[in-house]
Amino acid sequence: AQGVGLARVLELVADFRQRDTATPVVLMGYANPIERMGQAEFASRAAQAGVDGVLVVDYPPEEVIEFAATLGEHGIAPIFLLAPTSTEDRIKAVAAVARGYVYYVSLKGVTGAGSLNTDDVADRVAVIRRHVRDIPVGVGFGIRDAESAQRVARAADAVVIGSKLIETMEQAVANAPAAQQTDAAVAAASGWLRTIRQALDQVKRENASA
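Counting from 123, one number per residue, gives the positions in the sequence shown under this note's numbering.
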C-alpha cells in the first residue's frame, strides 16, 4: 500500500536490524509479490535483510515443500495458518513443513471481529498439538484486551494481536496535533501493550507454580 512493495519492506527490515538484532521479524503477506521476485531470490534477500520467518497466507503447505526447504536453508522459518475449519489432513500437512510456530486463526471471518470462545480455542489447540509437537502454537484474531489475551494464553504458546493495536494507534493519531502524532501513536501502543504483557506474565507465573 502507498507505494510500499516487497523490496521496500526488505529494506525496512534491514534498517531495523541495524538497531535491533534480537527481536524476531516475521513477514506476513500474499504469494504474488514473492512469485514476481522469485522464490529463491526472495529467500536470499530476506535472509540478508534479517527476516526470521515468513507466513504466506495463500500458499497451501502441500504445494510449497520446496519453497519451505529453501527458506530453511537460509535460516528462515516457514509459518502456516490453521483455522477452525482446518481438517485433520490439513493439520498434518502443515505439521510436515512448518517451522518457527503455527498460527491458529481462532475466528471465522474478518480479523479483529467477532466473539472469541476460548473453550473452543483450547479444544482446537489440543487437536493441533497432537500433530504439531515440536513448535509453538500461536493464536490470533479476536484478541482485543488483556482479559482475552490471558484466556488464550492459558491454552496457547503465544497470542497474536494486530487489529486492536492498529486501532489503538489510529485513535491516538486522530486525537493528536499533526506534529505530535508519531509520539502519540507510540505512547498509546506502548501503554496498551504493557497491559497485555502484564496479563501474559501472570499466566507465566501461574504455569510456573502449577
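We treat Cβ as the ideally placed atom computed from N, Cα and C, and that holds for glycine.
Values in this document were obtained by computation on a predicted structure and should not be read as measured data.
So is residue i buried or exposed if we call it buried at 16+ other beta carbons inside 10 Å?
i: residue 315; result: exposed
i: residue 264; result: buried
i: residue 158; result: exposed
i: residue 272; result: buried
i: residue 255; result: exposed
i: residue 270; result: buried
i: residue 172; result: buried
i: residue 190; result: buried
i: residue 228; result: buried
i: residue 134; result: exposed
i: residue 152; result: exposed
i: residue 304; result: exposed
Are any of the Cβ atoms in chain B nearer than 9 angstroms to that of residue i?
i: residue 318; result: Among the chains in the structure shown there is no chain B, since it carries only a single protein chain.
So if DSSP puts residue i in a beta bridge, which residue, or which two residues, is it bridged to?
i: residue 203; result: 225
i: residue 175; result: 148, 199
i: residue 259; result: 224
i: residue 282; result: 262
Please report how far the alpha carbon of residue i lies from the alpha carbon of residue j, in whole angstroms.
i: residue 163; j: residue 175; result: 15 angstroms
i: residue 293; j: residue 317; result: 17 angstroms
i: residue 142; j: residue 148; result: 14 angstroms
i: residue 156; j: residue 215; result: 22 angstroms
i: residue 325; j: residue 262; result: 17 angstroms
i: residue 130; j: residue 310; result: 26 angstroms
Taking residue i as part of the alpha helix (DSSP H), name the residues at either end of that continuous run.
i: residue 313; result: 303 to 331
i: residue 154; result: 153 to 159
i: residue 240; result: 240 to 253
i: residue 185; result: Taken as a continuous stretch (DSSP letters only), residue 185 belongs to no alpha helix (DSSP H), as it is neither H nor E.
i: residue 218; result: 210 to 219
Let me check understanding here. Comparing Cα to Cα, which of the options lies closest to residue i?
i: residue 146; options: 242, 223, 303; result: 223
i: residue 208; options: 249, 199, 193; result: 249
i: residue 167; options: 140, 205, 154, 136; result: 136
i: residue 276; options: 308, 299, 321, 286; result: 321
i: residue 252; options: 150, 302, 218; result: 218
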